[in-house]
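>
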Amino acid sequence: MHASRRALNLVKYLLLMLSFMCFVIEIIQIVVGAVLHHMFSTYTVFIDNDFVRATHFLIAVGIVLVFLTIFGLTGMIFENVTMIFLYAGFFTLVVILEIMLAVTAFSMVNRVDSMLYRRMRIVLERFHTDSFMRASFNHMQRQMNCCGVNSYEDWSVAHPGHALPSSCCSGLGSWENANENCVPRERGCMDPMSDFIGSRVQMIATGTTVIIVFQVICIITAIIMGVRLGMYKRQQRLLEESAARQVQQPEPIMTEKPKF
């Protein structure tokens with residue numbers, strides 16, 4: 001019995017340690033999701049909505065798992081079998097959702113270039129008619145130190161007769177006199193934007209996969225603890241019932257006189 005209790009304590013403390021690490025990881029996941037959401041929101045006109053929704057999902061799953069981990073830790077501390085199995089069950093459902101997120105993120109990596117090229121062309125065409133798109137394209141060109149989609153020549157094709165925007169200039173050129181003293185940046189915005197967005201989406205896919213592996217270990221350990229704790233409590237209950245029956249059993253009555 002003492003050996004069984006020691007084995008149960010070993011699993012319990014291991015699961016407590018893993019669950020606390022999981023709690024910390026989920027906090028990090030929420031922070032990373034919020035940072036990525038802010039980055040994607042800065043370039044919202046250049047990316048599809050599902051890229052932004054992936055960060056929303058990352059944050060939401062992290063918040064759910066934080067509360068679920070607290071629930072599981074409570075069940076482990078008080079050694080409540082029902083709470084431990086509920087923790088493992090709900091954790092499994094959330095991990096399935098995270099697997100879907102990871103698969104989606106890996107598929108999104110493969111279409112970053114086509115998405116950016118399509119949307120950047122649309123924004124470039126509407127540069128003079130949409131103030132929000134104009135501000136977004138100027139911001140991108142300044143932050144990425146680039147000009148146009150593939151090169152600065154895209155401006156002369158999309159808007160013949162117009163000067164380059166000042167955000168294209170590597171010197172001090174302005175919109176009015178850009179043709180005279182503007183030195184356009186040579187590289188286009190396609191490559192740096194592809195690296196920027198692609199690396200962030202890859203971070204979501206790879207990071208989620210690593211987290212899933214760790215969470216599966218937590219789930220398996222929780223199930224093992226739940227089973228062992230249930231067996232231990234059943235053994236304790238049987239021992240208590242056996243001891244109670246022995247106490248209640250009447251002493252035998254002597255029917256024969258002792259012989260001397």
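Residue numbers (my numbering): 1 to 260.
In this text, a Cβ means the ideal position worked out from N, Cα and C, and glycines have one as well.
If you're wondering where the values come from, they're calculated on a predicted model, not measured in any experiment.
#1: Over what stretch of residues does the alpha helix (DSSP H) that includes His139 continue unbroken?
#2: Determine whether the beta carbon atoms of Arg126 and Met133 lie at a separation below 7 Å.
#3: Just confirm the distance between the C-beta atoms of Thr58 and Gln29, as a whole number of angstroms; I'd bet it's less than 8 Å.
#4: For Arg200, count neighbouring C-beta atoms within 10 Å of its own C-beta (all shown protein chains included) and say buried if the count is 16 or more, exposed if not.
#5: On the CB-based measure, 16 or more other CB atoms within 10 Å of its CB, does Phe46 come out buried or exposed?
#6: If we call anything under 7 Å between Cβ atoms a contact, is Val109 one with Gln202?
#7: Do you know how far the Cα of His56 is from the Cα of His37?
#8: In angstroms with no decimal places, state the Cα-to-Cα distance between Ile63 and Glu26.
#9: Assign Cys168 to one of three DSSP states: helix, strand, or coil.
#10: Can you find the residues in the same chain that come closer than 8 Å, C-beta to C-beta, to Cys168, ignoring five residues on each side of it along the sequence?
#11: Assign Leu10 to one of two classes, buried (16 or more other C-beta atoms within 10 Å of its C-beta) or exposed (fewer than that).
#12: Would a C-beta distance cut-off of 7 Å place Ala222 and Ala54 closer than the cut-off?
#13: Please confirm whether Arg228 and Leu8 have their CB atoms less than 7 Å apart.
#14: Taking the alpha-carbon positions, what's the Gln215 to Ala60 distance?
#15: The alpha helix (DSSP H) with Ser107 in it runs from where to where?
#16: What is the DSSP secondary structure of Ala178, reduced to helix, strand or coil?
#17: By the DSSP assignment, the alpha helix (DSSP H) with Gly75 in it spans what residues?
#18: Check each candidate in Phe85, Val35, Gly33 and name the one with the smallest Cα separation from Ile268.
#19: Quick one: Cα of Phe20 to Cα of Thr69, how far?
#20: Looking at the unbroken alpha helix (DSSP H) that takes in Ala158, where does it start and where does it end?
#21: Keeping to the same chain, check which residues put their C-beta closer than 7 Å to that of Lys12; ignore five residues upstream and five downstream.
#22: For Met231, is the classification buried or exposed, using 16 other Cβ atoms within 10 angstroms of its Cβ as the cut-off for buried?
#23: If you compare alpha carbons, which of Met144, Glu79, Lys233 is closest to Pro192?
#24: How many Å lie between Leu65 and Val157 at the Cα?
#25: Leaving aside the five residues before and after Leu16 along the sequence, list all residues of the same chain whose C-beta is less than 8 Å from its C-beta, in chain order.
#26: What's the gap between the Cα of Asp113 and the Cα of Ser194?
Let me lay it out:
#1: 131-144
#2: Yes; because the gap between Cβ atoms is below 7 Å, this pair is in contact.
#3: Per the sequence shown, residue 58 should be read as Leu rather than Thr. About 6 Å separates the two Cβ atoms, so the contact holds.
#4: buried
#5: buried
#6: yes
#7: 7 Å
#8: 7 Å
#9: helix
#10: Gln141, Cys147, Gly148, Tyr152, Trp155, Ala178, Cys182, Pro184, Arg185
#11: exposed
#12: no
#13: yes
#14: 16 Å
#15: 81-109
#16: Because Ala178 carries a pLDDT of 46, less than 50, the predicted location of this residue cannot be relied on, and the following value inherits that uncertainty. DSSP places Ala178 in helix when its eight states are reduced to three.
#17: 49-77 is the extent of the alpha helix (DSSP H) around Gly75.
#18: The structure shown has nothing for residue 268, since the chain only spans 1 to 260.
#19: 8 Å
#20: 153-158
#21: Met76, Met225
#22: exposed
#23: Met144
#24: 51 Å
#25: Leu73, Met76, Ile77
#26: 6 Å
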